[in-house]
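Chains as they are written, first to last, in our numbering: chain A, 36 to 391; chain B, 36 to 391.
All C-beta atoms, glycine included, are put in the ideal place defined by N, C-alpha and C.
Input: a single structure, listed below in structure tokens.
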């Protein structure tokens, strides 16, 4: 690292990487990925590159549920699958080591799509965002100030059309997106209940994130009755992260003109809905609207989101909880843990803290 | 009838009625209803009535799928269930025999909620619409110019946000609502395909209603493949009347930013979805919105709808097909036929043609 700092264009470094072994069609396991030695990489953008590029040292990597979809051999989605044998791609925070793009210089801290490895050569640097360093931890740009936070912001304000005093339910509520949705709803003057899968998370929802109530869905034999208990007058807004039996129970408990923002990729491909959804008939008499969305369609709102979140976080109005694994070698386990709810808060991996 | 005409306030008449025997939780059968003799009714509004009322002679009754929901012992819907032993309620066209409401006089032709009987005393006459007689058949006020036509109009224009050139799919397309949705979509410059359950109906869709294509869903072993064949570029708008496996196949064939207007009450209570809906995961990557609606929420648009339909029908731009059963005694069979697709076009029952 010392040599690299002195003359980054001159050195090289060993590059470990996490690759996908092969496509899967079940829930991911640790051994679907492998940590491999990628050999020595020169610490500069190769001279023969097709266009402007940026070489970065990865600092923090984000583990997100949508990535499971990229592990399947399914090419009809909005984002292509990973390539077996190749490095896993994901969002990250990184430091620029070398750049042939006029927008970036060595030392810049950026966020954007990178690789699960120590150094990445990024050939579409225009998708990177330069981070203005502040007193907010850099890794928060993968959650509170990044894609999950923006998903919460767009989903709540643009899809749910919330009104003060409405009843809001959030599933997977302690996760990266859910914890923020709930807090935005509280700031908006809504009554907010969240569900999570452990009693520890339920306590966090109430104590740290200020939800009005929360429950452990694993301890409820009848989800419909549980929701009826928490929402005797029904649910106006459901922020859908999970699908399956929870969605069916919610449909029975929705109010007239209710809105469901469908964010969840966890029930992708029906894999967590083996029994199917049976209560869609509720859509008609209750005039419910259900809308799938992807945050990137609203990217023009990103600057206002960043201002809003930064201000409210600094003012102590929004709390944020992150679950950090240390070391690239622990990235596969961290990712796999998402699907059994092991993480408490937004799951990230620290590859390096060398921000200088 | 002669006496009634001479002095309607003086006479009386025998009143046959169709009653619901008991609540059901399966598809309706003819013997769930019974034709009973309601005895003699005086042909005037009783003097001790609680408020203004109207006595009508029923001319045409409407058989609509939503009525099945009222045959169940389920009180959580937007409309209460029928009462066992009491007359079936439904939309109809009727002639006013006597009125104590200032808005109606004997001889007026009205449409609105009435009973499946020869004479009905209507104690909420404010819900009745006076029909201006024209050269359009009166019974069309139960379809083309009534609730089904308005459902099509509202669903297509207000829920589907159609754009010229978009790809539109309509299920149950030869039914009361579907036939009109398809024609509105054609008038709007869309490409329209419909599905129906017999080859005769498929021919009607193409020949009479001007759909670009149509298919018999019962002859398609793979609905997903069938839709792929008819919509190689995918579906922008789905007008949902049926639920079940068709909805699952549509979800896989929707385009980006597609819209699903959920109108269908046929799959109410999941009874026609025994396997459930498995493909809702498509909502997210395709940014699909799915919205249930009920026409009465848009009642302020009714006058413009009536103008539009009347004009286009008279200009020969919209065709309409009605399936009329003659005689109150045939009403149960006509209604039951809806659920096996026996009717070809909008199902009505003619009780009487005495419009004078």
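Under 9 Å, CB to CB, which of the residues in the segment 309–329 of chain B have a partner in chain A? 309, 310, 311, 312, 313, 314, 315, 316, 317, 318, 319, 320, 321, 322, 323, 324, 325, 326, 327, 328 and 329
If I measure Cβ to Cβ from residue 85 of chain B and keep anything under 8 Å in the same chain, skipping five residues before and after, which residues do I get? For the purposes of this step, residue 85 of chain B is taken as the residue at position 50 of the second chain. Cβ within range, chain order: 158.
Please compile the residues from chain A whose C-beta is within a distance smaller than 9 Å of the C-beta of residue 278 of chain B. Looking up residue 278 of chain B in the second chain gives position 243. Within 9 Å Cβ-Cβ: 315 and 316.
State the DSSP-derived secondary structure class of residue 176 of chain B, mapped to helix, strand or coil. In the second chain, the residue the question calls residue 176 of chain B occupies position 141. Residue 176 of chain B falls in the helix class under three-state DSSP.
Of all the options B/253, B/273 and B/70, which has the alpha carbon lying nearest to the alpha carbon of residue 201 of chain B? The residue given as residue 201 of chain B occupies position 166 in the second chain. Comparing Cα-Cα distances from residue 201 of chain B to each of B/253, B/273 and B/70, the minimum goes to B/273.
Check residue 230 of chain B in the structure and name its three-state DSSP category. Reading the second chain from its first residue, position 195 is the one you call residue 230 of chain B. Looking at residue 230 of chain B - three-state DSSP - the assignment turns out to be strand.
Give me, in chain order, the residues of the same chain whose beta-carbon lies closer than 8 Å to that of residue 407 of chain B; leave out the 5 immediate sequence neighbours on both sides. What the structure shows of chain B is the stretch from 36 to 391, and residue 407 of chain B is not part of that stretch, so it cannot be assessed.
For residue 89 of chain B, would you say it is in contact with chain A, using Cβ-to-Cβ distances shorter than 7 Å as the test? Sequence index remark: in the second chain, residue 89 of chain B carries index 54 (1-based). Taking Cβ atoms only, chain A never reaches closer than 7 Å to residue 89 of chain B, which makes this a no.
Presumed contact (8 Å Cβ cut-off) between residue 177 of chain B and residue 101 of chain B, rounded CB distance: For the purposes of this step, residue 177 of chain B is identified with residue 142 of the second chain, where counting begins at 1. For the purposes of this step, residue 101 of chain B is identified with residue 66 of the second chain, where counting begins at 1. So it is not a contact: roughly 13 Å between Cβ atoms.
What are the boundary residues of the beta strand (DSSP E) that residue 272 of chain A is part of? Translated into the one-based positions of the first chain, residue 272 of chain A becomes position 237. It spans 270–275 - the beta strand (DSSP E) in which residue 272 of chain A sits, taken as one unbroken run.
Can you confirm whether residue 307 of chain B, when its beta carbon is compared against all beta carbons of chain A, has any partner nearer than 7 Å? For the purposes of this step, residue 307 of chain B is taken as the residue at position 272 of the second chain. At residue 307 of chain B, the pLDDT of 49 sits below 50, so the modelled position is not reliable and the matter cannot be decided from this model.
I'd like to confirm the pairing. Which residues does DSSP put opposite residue 323 of chain A in its beta bridges? If you number the first chain from 1, residue 323 of chain A lands on position 288. The partner list for residue 323 of chain A (beta bridge, DSSP) is empty, contrary to what the question assumes.
Use the C-beta contact count for residue 291 of chain A: other C-beta atoms within 10 angstroms, 16 or more gives buried, fewer gives exposed. Numbered from its first residue, the first chain carries residue 291 of chain A at position 256. Classification for residue 291 of chain A: exposed.
When the Cα of residue 205 of chain A is compared with those of A/163, A/248, A/243 and A/233, which residue comes out closest? In the first chain, residue 205 of chain A corresponds to position 170, counting from 1. It is A/248.
By Cβ distance below 8 Å, which residues in the same chain neighbour residue 89 of chain B in space, the five residues on each side in sequence not counted? Indexing the second chain from 1 puts residue 89 of chain B at position 54. Only 80, 131, 133, 134, 135, 136, 139, 145, 156, 157, 160 and 163 meet the Cβ criterion.
When the distance is taken between beta carbons, is residue 97 of chain A closer than 7 Å to residue 383 of chain A? Position 348 of the first chain, counted from the start, is the residue given in the question as residue 383 of chain A. Position 62 of the first chain, counted from the start, is the residue given in the question as residue 97 of chain A. A contact, by the Cβ cut-off of 7 Å.
Taking Cβ-Cβ distances shorter than 8 Å, what residues in chain A pair up with residue 298 of chain B? Stepping through the second chain from its first residue, residue 298 of chain B is reached at position 263. Neighbours of residue 298 of chain B on chain A, chain order: 319.
Here's the rule I'm using: 16 or more other beta-carbon atoms within 10 Å means buried, otherwise exposed. How should residue 234 of chain A be labelled? Looking up residue 234 of chain A in the first chain gives position 199. Residue 234 of chain A should be labelled exposed.
Chain-ordered chain A contacts of residue 332 of chain B [CB-CB under 7 Å]: As a working mapping, residue 332 of chain B is identified with position 297 in the second chain. Near residue 332 of chain B (Cβ distances below 7 Å), the residues of chain A are 322.
In whole angstroms, give me the CA-to-CA distance for residue 252 of chain A and residue 231 of chain A. Reading the first chain from its first residue, position 217 is the one you call residue 252 of chain A. Reading the first chain from its first residue, position 196 is the one you call residue 231 of chain A. Distance between the alpha carbons of residue 252 of chain A and residue 231 of chain A is about 6 Å.
How about residue 244 of chain B and residue 217 of chain B: do their beta carbons lie closer than 7 Å? Numbered from its first residue, the second chain carries residue 244 of chain B at position 209. Numbered from its first residue, the second chain carries residue 217 of chain B at position 182. Yes, these two residues count as a Cβ contact at 7 Å.
Who are the neighbours of residue 174 of chain B on chain A, taking C-beta pairs under 8 Å? The count along the second chain starts at 1 and reaches residue 174 of chain B at position 139. Within 8 Å Cβ-Cβ: nothing; residue 174 of chain B doesn't reach chain A, min ~25 Å.
Going by the beta-carbon positions, is the gap between residue 240 of chain B and residue 220 of chain B smaller than 7 Å? Residue 240 of chain B sits at position 205 when you count from the first residue of the second chain. Residue 220 of chain B sits at position 185 when you count from the first residue of the second chain. Cβ atoms of residue 240 of chain B and residue 220 of chain B: not closer than 7 Å.
Own chain partners of residue 269 of chain A with C-beta closer than 7 Å, once the 5 adjacent residues on each side are dropped: Working through the first chain from its first residue, we reach residue 269 of chain A at position 234. Excluding residues within five positions, the ones whose Cβ falls inside 7 Å are 202, 288, 289 and 290.
If you compare alpha carbons, which of B/228, B/257, B/108 and B/193 is closest to residue 334 of chain B? Position 299 of the second chain, counted from the start, is the residue given in the question as residue 334 of chain B. Checking every option, the nearest Cα to that of residue 334 of chain B belongs to B/193.
Identify every run of the beta strand (DSSP E) within the segment 187–235 of chain B, keeping only runs that are complete inside it and at least 3 residues long; order them along the chain. 202–205 and 226–231
Going along chain B, which residues have a C-beta under 7 Å from residue 113 of chain A? As a working mapping, residue 113 of chain A is identified with position 78 in the first chain. Those within 7 Å of residue 113 of chain A in chain B are 320.
In whole angstroms, give me the CA-to-CA distance for residue 342 of chain A and residue 336 of chain A. Here residue 342 of chain A refers to the residue found at position 307 of the first chain. Here residue 336 of chain A refers to the residue found at position 301 of the first chain. Cα to Cα, the separation comes out at about 10 Å.
Can the beta-carbon of residue 215 of chain B be found closer than 7 Å to that of residue 187 of chain B? As a first step, residue 215 of chain B is located in the second chain; it is residue number 180 there, counting from the start. As a first step, residue 187 of chain B is located in the second chain; it is residue number 152 there, counting from the start. Yes. Within cutoff.
Tell me the DSSP bridge mates of residue 250 of chain A? Locating residue 250 of chain A in the first chain gives position 215, where the first residue counts as 1. Partner(s): A/230.
Verify whether the separation of the beta carbon atoms of residue 258 of chain A and residue 296 of chain A is less than 7 Å. Stepping through the first chain from its first residue, residue 258 of chain A is reached at position 223. Stepping through the first chain from its first residue, residue 296 of chain A is reached at position 261. No, these two residues do not count as a Cβ contact at 7 Å.
Quick one: does residue 386 of chain A have its CB under 7 Å from some CB of chain B? As a first step, residue 386 of chain A must be located in the first chain, where it is residue number 351. Taking Cβ atoms only, chain B never reaches closer than 7 Å to residue 386 of chain A, which makes this a no.
Could you pull out every residue in the same chain whose Cβ sits closer than 7 Å to the Cβ of residue 312 of chain A, ignoring the five residues on either side in sequence? Position 277 of the first chain, counted from the start, is the residue given in the question as residue 312 of chain A. Contacts found: 282 and 283.
Taking all protein chains shown into account, do 16 or more other C-beta atoms lie within 10 angstroms of the C-beta of residue 339 of chain A, making it buried, or fewer, making it exposed? Counting from 1 along the first chain, the entry for residue 339 of chain A is found at position 304. Residue 339 of chain A comes out exposed.
At which residues does the beta strand (DSSP E) containing residue 132 of chain A begin and terminate? Locating residue 132 of chain A in the first chain gives position 97, counting from the first residue. Residue 132 of chain A -> beta strand (DSSP E) spans 124–134.
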